[in-house]
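Reading through the structure tokens given below for one structure.
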Amino acid sequence: MQSRAVEMLVGLFVCLGIAAIFLLTYRVSDLAGQSAAEGYTVTAAFNDIGGLKTGAPVELAGVRIGRVTDIRLNQQTYRAVATMRIDEAYKVPEDSDASILTSGLLGDQYIGVGPGGSMENMEDGDSFILTQSAIVLENLIGQFMTSFADSPSGSGDSGHDNGLDGAPADNDQATAAQP
75 MQSRAVEMLV
85 GLFVCLGIAA
95 IFLLTYRVSD
105 LAGQSAAEGY
115 TVTAAFNDIG
125 GLKTGAPVEL
135 AGVRIGRVTD
145 IRLNQQTYRA
155 VATMRIDEAY
165 KVPEDSDASI
175 LTSGLLGDQY
185 IGVGPGGSME
195 NMEDGDSFIL
205 TQSAIVLENL
215 IGQFMTSFAD
225 SPSGSGDSGH
235 DNGLDGAPAD
245 NDQATAAQP
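By the count of the numbering used here, the sequence shown reaches residue 253 at its end, each step adding exactly one.
See below:
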């Protein structure tokens with residue numbers, strides 16, 4: 075009889091452990107924040123979304139105000155269209171802009187909203203007019219390498235130390251050019 079009680083307790087603890095693992099997984103993956111919360115849906119079209127993924131946060135002034143719910147390619151414009159669900163507690167001015175930003179140097183991408191000055195707020199189904207696409211690190215490195223290779227000294231400048239207005243910074247260079 076006593077072994078039966080021990081088996082029941084072990085079974086109960088195993089079930090509680092499995093339930094705790096599921097609960098922690100649910101909380102850590104932030105699936106709770108991706109539920110059909112009350113709010114409104116807006117879209118933004120980008121030339122390049124980089125590594126933006128469905129479920130990425132939408133932030134305004136560093137505060138998460140929503141999530142990316144869908145990403146599609148517009149077949150007419152060949153631009154990526156991100157659909158976002160904004161929490162109803164947050165009002166976004168209709169002339170705001172949307173940019174794809176990166177959390178840290180190599181972190182996850184998210185959409186940052188720059189607030190506009192309009193007194194009218196975005197509503198369900200509206201679109202951001204002003205957008206800034208993702209900066210792709212590979213493209214940035216390629217541009218740097220190209221500009222570095224194209225410079226005469228290989229250092230990216232002309233080899234002269236010019237002042238703020240483009241004039242030579244010291245008098246030796248300024249007088250050497252005069253006859």
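Cβ coordinates follow ideal geometry from the N, Cα and C atoms, glycine included.
Computed from a predicted structure; not experimentally measured.
Nearest CA to the CA of residue i: which residue from the options?
i	options	result
L134	R146, G124, L180 and Y184	Y184
R146	V132, L179, A163 and A118	A118
M193	A208, S173 and V166	V166
I203	G188, L179, G216 and N213	G188
N121	Q150, C89 and V88	Q150
A130	G91, D200 and D182	D182
L179	L90, L98 and L214	L214
With distances taken between CB atoms, is the gap from residue i to residue j smaller than 8 Å?
i	j	result
T115	D171	no
R307	G190	What is shown of the chain runs 75 to 253, which leaves residue 307 out entirely.
A208	I139	no
V137	A156	no
E168	N195	yes
Could you spell out the range, first to last residue, of the beta strand (DSSP E) harbouring residue i?
i	result
S205	Ser is not the amino acid found at residue 205; the sequence shown has Thr there. It spans L204 to Q206 - the beta strand (DSSP E) in which T205 sits, taken as one unbroken run.
I185	Q183 to G188
G113	G113 to F120
Distance, Cα to Cα, residue i vs residue j?
i	j	result
A154	T205	11 Å
I174	L126	8 Å
G230	S177	Its pLDDT being 48, under 50, G230 is placed unreliably by the model, and nothing is read from it.
I95	M82	20 Å
V132	S221	34 Å
D224	G216	12 Å
D144	T128	6 Å
S201	V210	24 Å
R78	L97	29 Å
T99	G91	12 Å
G85	N148	53 Å
Along the chain, which unbroken stretches of the beta strand (DSSP E) at least 3 residues long are found entirely within the region 133–171? The region 133–171 contains these whole beta strand (DSSP E) runs: 137–148 and 153–161.
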